[in-house]
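Presented below is the structure to which this report refers.
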Amino acid sequence: MVPSSSESPSAPGGDRIAKVLARAGVCSRREAERMIAAGRVAIDGTLLETPARTVQPGERVTVDGQPIPEAEETRVWRYHKPPGLVTTNRDPQGRPTVFENLPAELPRVMTVGRLDLNSEGLLLLTNDGALARHLEHPDTAWIRRYRVRVHGQIDPDRLGPLERGVDVNGVRYGPIKAALERQQGANAWLTVALREGRNREIRHVMEFLGWPVTRLIRVGYGPFILGPLPRQGVEEVARRHLRDTLGATWKTAGPKRPRHRARRDTSGDPE
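Under the UniProt record's numbering, the residues of the sequence shown are numbered 1 to 271, in order.
In structure tokens:
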């Protein structure tokens, strides 16, 4: 393939290259930008140098010289992540990842958001990178629900002000709704709900209040709940449920008739 001599976007009517790669289950939009920068993506044999390119109907997209799969029907799975797994495709420290522990029969999937190493509970998986990006974006504002065990004696009056947001070491966190579920000696269980879901937000806020987190379980993500799904269990969300909960978003992303079955995503860098 030869380098591109022109990188101006094509005429309206197609989709941006990053979205096309994501919809085909090749990678996330963020990873697509890195792949383009590395000279791995081409349209009709011409290497791209920028993600500012629209793919028109009939154009042939390749990655490392191989044509990308046709977009599969949008699918979503619920996964019960256990503690001790990293929610990245590859960990430079060699720690076990979520992707290494998924059933072999799953197609290439990516996570909707993340859970840190020691957190557990509901993690959504999808074969549609565009949908994953939409569902984890702050503008979607889906409520994330957690059960949180902390060490310390809880003063319920200190939980109410969290709904107005809180500043922790110069970082502003949005509204958090927290309630005491039960106090058990030196430990307590809280129910926590928030929309923003910034990195280690609950742990930082609880530590700031003097109640270090000893266990954190996500039990809900928007309309999806963990329920009785066992640890490391994987269960596909029914198509009807996707239509009912995602509406136009699901219809825009899919469905399309599946023709290719790709491997799980095992490449990429941790954030």
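Ideal placement from N, C-alpha and C gives every residue a C-beta, glycine not left out.
A quick note: this is a predicted structure, and the numbers were derived from the prediction, not measured.
Can you look up residue i in the DSSP assignment and give me helix, strand or coil?
i, result
"R60", "coil"
"I154", "coil"
"P230", "coil"
"N101", "helix"
"D167", "strand"
"V205", "helix"
"V148", "strand"
"H137", "coil"
"L159", "coil"
"E271", "Confidence at E271 is low in this model, with a pLDDT of 29, below 50, so the placement of that residue should be treated as unreliable; the coordinate-derived value is given next. Note: E271 maps to coil in three-state DSSP."
"T245", "helix"
"R78", "strand"
"R240", "helix"
"I176", "strand"
"N187", "strand"
"P67", "strand"
Can we count residue i as close to the ligand FMN, meaning its CB is less than 6 Å from some heavy atom?
i, result
"G25", "The ligand content of the structure shown is nil, which means the ligand FMN is not present either."
Name, in chain order, the residues that DSSP records as bridge partners for residue i.
i, result
"D128", "D128 pairs with nothing; no bridge assigned."
"P120", "Inspection of the sequence shows that residue 120 is occupied by Glu rather than by Pro. I217, per the DSSP bridge assignment."
"R95", "Partner(s): none; R95 has no beta bridge."
Hey, residue i and residue j are a contact pair by Cβ (cut 8 Å); roughly how many whole angstroms apart?
i, j, result
"S53", "I43", "Reading off the sequence shown, one finds Arg at residue 53, where the question assumed Ser. Confirmed, about 7 Å."
"Q28", "R133", "A small fix is needed here, since residue 28 is Ser in this sequence, not Gln. Between R133 and S28 the Cβ distance is about 7 Å, and since that is below 8 Å, they are a contact."
"T111", "T87", "6 Å"
"P194", "P175", "The amino acid occupying residue 194 in the given sequence is Leu; Pro does not appear at that position. Rounded, the Cβ-Cβ distance is 7 Å, consistent with contact."
"G113", "V55", "Contact doesn't hold; Cβ gap of about 27 Å is too wide."
"L216", "I202", "6 Å"
From the beta carbon of residue i, is the nearest beta carbon of chain D less than 7 Å away?
i, result
"L123", "In the structure shown, chain D does not exist; there is a single protein chain."
*Are the region 157 to 172 and the region 138 to 149 in contact at 8 Å, needing three or more beta carbon pairs?*
no
*Assess, as a yes-or-no matter, whether the region 233 to 243 is touched by the region 149 to 162 under the definition of 3 or more beta carbon pairs within less than 8 Å.*
no
*Could you tell me whether the region 18 to 33 touches the region 126 to 140, where touching means 3 or more Cβ pairs closer than 8 Å?*
yes
*Would you be able to state if there are at least three C-beta pairs under 8 Å between the region 72 to 89 and the region 110 to 129?*
yes
*For the region 14 to 50, list the alpha helix (DSSP H) runs that are entirely contained and at least 4 residues long, ordered along the chain.*
17 to 23, 29 to 37
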